[in-house]
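Just below is one structure, and these are the notes that go with it.
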Amino acid sequence: MIEDASLSPSGTARRWLKGDFSPDELRTHLVLLSVIFWGLIFACRLFYPPQNRFSIMTHTFSFMGSFDPRHNPPAWFLLTIAMIFQGTAFIPIMLYLHRRFAAASPWAVWPGTLLFIGGCAGMFLVGVFPEAHGRIIGKIEWTHVHQKVAAMAFIGFGLGIPWYGLLVLKDWFRWMPFGGRRFLDGKRLALPYALYLSVFSTTLYFLLKWEFVYADMKAAAKAAGRTIGSHWSEALNTRYSFPLWENIMIYTLFAFMVWLASAVPAHIGKRADA
575 MIEDASLSPS
585 GTARRWLKGD
595 FSPDELRTHL
605 VLLSVIFWGL
615 IFACRLFYPP
625 QNRFSIMTHT
635 FSFMGSFDPR
645 HNPPAWFLLT
655 IAMIFQGTAF
665 IPIMLYLHRR
675 FAAASPWAVW
685 PGTLLFIGGC
695 AGMFLVGVFP
705 EAHGRIIGKI
715 EWTHVHQKVA
725 AMAFIGFGLG
735 IPWYGLLVLK
745 DWFRWMPFGG
755 RRFLDGKRLA
765 LPYALYLSVF
775 STTLYFLLKW
785 EFVYADMKAA
795 AKAAGRTIGS
805 HWSEALNTRY
815 SFPLWENIMI
825 YTLFAFMVWL
835 ASAVPAHIGK
845 RADA
């Protein structure tokens, strides 16, 4: 009797790393990812010093992972572990999605996948470089590198998500010259996209509107001969707060990626031109 090497523990581990999940393995991966990541985030928030008064209305997500005295010296490292874990655990999911979305277009899927992988790398590095003051080397501070890798994560996912969305549309409308057969379940995939786009558009609306609201406030303060707080501080504790919408987008991004992986068909036939 010949045993299937892919079913051995080492074979299963290799398949998981490549994103070659069975339906049950995918569910297990997503459940473990969710429980471990959000368990670490909950613990990080739980041990945040009460006197520092963390709130999503005033504090960015990254402040939970800051070792600055005014943020989270006791438990900052939990966010580091969480982000490194998330960035690593997301990569097999991206490879899983790549295999399935490649059925819509074997060549057009690559830019989206590379953007997602870049986003995962950004997540990983957000954990490596906390949002904190203090020099790493020379004049380079932790916060300077953190801001750049956080932007890398947001750009990767911010562009990768609509790119894959275009592949869903292409598959749904069966545009020529790509062939006429549908490989993706457009109706199921529309639901996570509806969630993401509704939150993203709401976020964009309030953050852009704040530019005009603050300009009016600044003009009124100048006319009255009084001072006004900064663009950042005046928005805190209002619906225009950047930390508020950043936190919401981070929660939404996680929910979207897990939902997308769950909604994509587990078994997709090969294209004739693949």
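For the sequence shown, our numbering begins at 575 and goes up steadily by one.
C-beta: ideal position from N, C-alpha, C; glycine also.
Problem set entry | Closest residue to L740 among F780, G696, A676, K783 (Cα-Cα distance) | Counting from one through the sequence shown, the residue named residue 740 turns up at place 166. Comparing Cα-Cα distances from L740 to each of F780, G696, A676, K783, the minimum goes to A676.
Problem set entry | Close Cβ partners of A656 (< 6 Å) along its chain, the five nearest in sequence each way excluded | Here the question's residue 656 lines up with position 82 in the sequence shown. F611, L614, I615.
Exercise. Between the C-alpha atoms of G753 and R762, what's the straight-line distance to the nearest angstrom?
Worked result: To locate residue 753, count along the sequence shown from 1; it is residue 179. To locate residue 762, count along the sequence shown from 1; it is residue 188. Because G753 sits at a pLDDT of 49, beneath the cut-off of 50, its placement in the model cannot be relied upon, and the following sentence gives the value as read from the coordinates. The alpha-carbon atoms of G753 and R762 are separated by roughly 21 Å.
For this session: Find out if the Cβ-Cβ distance for the pair I822, V773 is shorter than 9 Å.
Result: Within the sequence shown, numbered from 1, the residue matching residue 822 stands at position 248. Within the sequence shown, numbered from 1, the residue matching residue 773 stands at position 199. Yes; because the gap between Cβ atoms is below 9 Å, this pair is in contact.
Exercise. For E715, which of helix, strand or coil comes out of DSSP?
Worked result: Here residue 715 refers to the residue found at position 141 when the sequence shown is read from its first residue. Strand at E715.
Problem set entry | From Q625, Y670, V700, residue whose alpha carbon lies closest to that of Q660 | Residue 660 sits at position 86 when you count from the first residue of the sequence shown. For Q660, the nearest C-alpha among the options comes from V700.
For this session: Spell out the partners DSSP gives R762 in its beta bridges.
Result: As a position in the sequence shown, residue 762 is number 188, starting the count at 1. Answer is none; R762 lacks a bridge partner.
For this session: Under the assumption that W746 contacts P685 (Cβ atoms under 8 Å), give the Cβ distance between them as a whole number of angstroms.
Result: Along the sequence shown, one-based indexing puts residue 746 at 172. Along the sequence shown, one-based indexing puts residue 685 at 111. Not a contact, Cβ separation roughly 19 Å.
Exercise. Within this structure, are the beta carbons of H645 and A706 separated by less than 9 Å?
Worked result: Taking the first residue of the sequence shown as position 1, residue 645 is located at position 71. Taking the first residue of the sequence shown as position 1, residue 706 is located at position 132. Their beta carbons are under 9 Å apart, which means H645 touches A706 by this criterion.
For this session: With DSSP collapsed to three states, give me the class of I630.
Result: Locating residue 630 in the sequence shown gives position 56, counting from the first residue. Reduced to three states, the DSSP call for I630 is coil.
Exercise. Going straight from the alpha carbon of T662 to that of W784, what length do you get?
Worked result: Position 88 of the sequence shown, counting from 1, holds the residue named residue 662. Position 210 of the sequence shown, counting from 1, holds the residue named residue 784. Cα to Cα, T662 sits roughly 35 Å from W784.
Problem set entry | Test item: CB-CB of Y670 and G593 under 9 Å | The residue you call residue 670 lines up with position 96 of the sequence shown. The residue you call residue 593 lines up with position 19 of the sequence shown. Yes, Cβ-Cβ distance for Y670 and G593 is below 9 Å.
Exercise. Can you tell me whether DSSP reads I710 as helix, strand or coil?
Worked result: Working through the sequence shown from its first residue, we reach residue 710 at position 136. It is a strand residue.
For this session: Classify G692 as helix, strand or coil using the three-state DSSP reduction.
Result: Translated into positions along the sequence shown, residue 692 becomes position 118. It is helical.
Exercise. For T687, which residues from the same chain have a beta carbon less than 7 Å from its beta carbon, with the 5 sequence-adjacent residues on both sides left out?
Worked result: Residue mapping note: residue 687 aligns to position 113 of the sequence shown, counting from 1. The answer, listed in chain order, is M668, H672.
Exercise. Where are the alpha helix (DSSP H) runs, 4 residues long or more, that stay fully inside the segment 615-675, in chain order?
Worked result: Runs of the alpha helix (DSSP H) inside the segment 615-675: 650-675.
Exercise. From E820, A587, S836, pick the residue whose C-alpha is nearest to that of F728; which is it?
Worked result: Your numbering for residue 728 matches position 154 in the sequence shown. When only C-alpha atoms are compared, the closest one is E820.
Problem set entry | Segments of 4+ residues assigned as alpha helix (DSSP H) that fall wholly inside the segment 770-819 | 805-809
Problem set entry | Own chain residues within Cβ distance below 7 Å of S608, not counting five before or after | Residue 608 sits at position 34 when you count from the first residue of the sequence shown. Hits under 7 Å: V832.
Exercise. Alpha carbon to alpha carbon, what distance is there between R800 and T654?
Worked result: Within the sequence shown, residue 654 is the residue found at index 80, counting from 1. Within the sequence shown, residue 800 is the residue found at index 226, counting from 1. Spanning the two alpha carbons is a distance of roughly 42 Å.
For this session: Look up K722 in the DSSP assignment and say whether it is helix, strand or coil.
Result: Taking the first residue of the sequence shown as position 1, residue 722 is located at position 148. The answer is helix: DSSP assigns K722 an H, G or I state.
Problem set entry | Reference G730, options S775, F698, M697, F690, closest by Cα | Looking up residue 730 in the sequence shown gives position 156. Measuring from the Cα of G730, the nearest candidate turns out to be F690.
Problem set entry | Span separating the alpha-carbon of W650 from that of V702 | Stepping through the sequence shown from its first residue, residue 650 is reached at position 76. Stepping through the sequence shown from its first residue, residue 702 is reached at position 128. Those two C-alpha atoms are separated by around 11 Å.
For this session: State the Cα-Cα distance for the pair P766 and D598, rounded to the nearest angstrom.
Result: To locate residue 766, count along the sequence shown from 1; it is residue 192. To locate residue 598, count along the sequence shown from 1; it is residue 24. Cα-Cα distance, rounded: 20 Å.
Exercise. What's the gap between the Cα of L778 and the Cα of M638?
Worked result: Indexing the sequence shown from 1 puts residue 778 at position 204. Indexing the sequence shown from 1 puts residue 638 at position 64. Going by the C-alpha atoms only, they are around 24 Å apart.
For this session: Please look up how many angstroms separate the CB atoms of L591 and A617, rounded, as I've assumed it's under 8 Å.
Result: Position 17 of the sequence shown, counted from the start, is the residue given in the question as residue 591. Position 43 of the sequence shown, counted from the start, is the residue given in the question as residue 617. Between A617 and L591 the Cβ distance is about 27 Å, and since that is not below 8 Å, they are no contact.
For this session: Leaving aside the five residues before and after F595 along the sequence, list all residues of the same chain whose C-beta is less than 8 Å from its C-beta, in chain order.
Result: As a first step, residue 595 is located in the sequence shown; it is residue number 21 there, counting from the start. Excluding residues within five positions, the ones whose Cβ falls inside 8 Å are R589, H603, P666, Y670.
For this session: Taking all protein chains shown into account, decide if T826 is buried (16 or more other Cβ within 10 angstroms of its Cβ) or exposed.
Result: In the sequence shown, counting from the first residue as 1, residue 826 sits at position 252. That one is buried.
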